[in-house]
Amino acid sequence: MSQTTLESPVDLLRFQLRTAMTMEEDSLAALGELEQAARSADIKKMFRHHADETREQIENLRKVFGVLELPESTAASPSTKGIAKQAESLISRSAAALRDQVTLSAALGNEHYEISAYQSLIIATRAQGAVDAVTLLTANLDQETHTSEELQKKLEEIAR
Ligand SMILES: [Fe+2]
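Using the UniProt record's numbering, the letters of the sequence shown map in sequence onto residues 1 to 160.
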């Protein structure tokens, strides 16, 4: 299997953007699975809401490719596939009464991965002086951060 060598910061940035597209597509699929597995209506609603946000995030990433004048495509995201696989495994071995906690934990792990991806992308994009791309990526990062806070809050409520 041939592999492209990334030579420049822009090569790396484009590759990370392509990975982020797959990351968000994986997140969208995972949120559907988590919604199915959760028991409480309000937690299902949270996952649905974040799925809607994820669709906006995918649109924002498309715009970032455009702003940077880079061809849009995707690249493999084994990390998000792994997070989803781990969630699936944990859900399958957990009693129904634990499902809300398990799905919230899995979503929180995914959010933290996404946050780290956007933090790196924002630094790299800012270094290119691409202000509009920074704005779009920051909007995504802010949503992920807000979601992670909501998930933590919900987890704390359940733990009481
Ligand atoms: Fe996301």
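All residues carry an ideal CB built from backbone N, CA and C; glycine is no exception.
None of the values given here were measured: they were computed from a predicted structure.
Inter-residue spacing [alpha-carbon to alpha-carbon] between residue i and residue j
i: residue 1; j: residue 76; result: Since pLDDT at residue 1 reaches only 49, below the 50 mark, its modelled position is unreliable, and the value read off the structure follows with that caveat. Each residue's Cα considered, the two are about 14 Å apart.
i: residue 47; j: residue 13; result: 29 Å
i: residue 116; j: residue 142; result: 12 Å
i: residue 93; j: residue 16; result: 34 Å
i: residue 32; j: residue 57; result: 16 Å
i: residue 149; j: residue 4; result: 38 Å
i: residue 104; j: residue 34; result: 8 Å
i: residue 51; j: residue 156; result: 22 Å
i: residue 72; j: residue 82; result: 24 Å
i: residue 91; j: residue 139; result: 31 Å
i: residue 27; j: residue 62; result: 16 Å
i: residue 135; j: residue 60; result: 10 Å
i: residue 20; j: residue 159; result: 32 Å
Boundaries (first-last residue) of the alpha helix (DSSP H) holding residue i
i: residue 89; result: 78–93
i: residue 4; result: Note, residue 4: premise wrong, no alpha helix (DSSP H); not H, not E.
i: residue 128; result: Where residue 128 is concerned, there is no enclosing alpha helix (DSSP H), given that its DSSP letter is neither H nor E.
Own chain, CB closer than 6 Å to residue i, minus 5 neighbours either side, in chain order
i: residue 10; result: none
i: residue 154; result: 104
i: residue 132; result: 67
i: residue 44; result: 35 and 38
i: residue 102; result: 90, 91 and 94
Ligand 2 heavy atom lying under 6 Å from the CB of residue i
i: residue 128; result: Here the bound small molecules are ligand 1; ligand 2 is not part of this structure.
Close beta carbons around residue i, own chain, < 7 Å, minus the five adjacent residues each side
i: residue 137; result: 64, 118, 121, 122 and 125
i: residue 39; result: 96, 99 and 100
i: residue 145; result: 115
i: residue 151; result: 104, 107, 108 and 111
i: residue 49; result: none
Own chain, CB closer than 8 Å to residue i, minus 5 neighbours either side, in chain order
i: residue 161; result: Residue 161 lies beyond the residue range present for the chain, which begins at 1 and ends at 160; the question has no answer from this structure.
i: residue 85; result: none
Just jot down, in chain order, the residues whose CB lies closer than 6 Å to any heavy atom of ligand 1. After applying the 6 Å Cβ criterion, the set is 24, 27, 54, 57, 114 and 144.
Complete runs of the alpha helix (DSSP H) confined to the segment 8–59 [at least 4 residues]: With a minimum length of 4 residues, the continuous alpha helix (DSSP H) runs that stay inside the segment 8–59 are 9–37.
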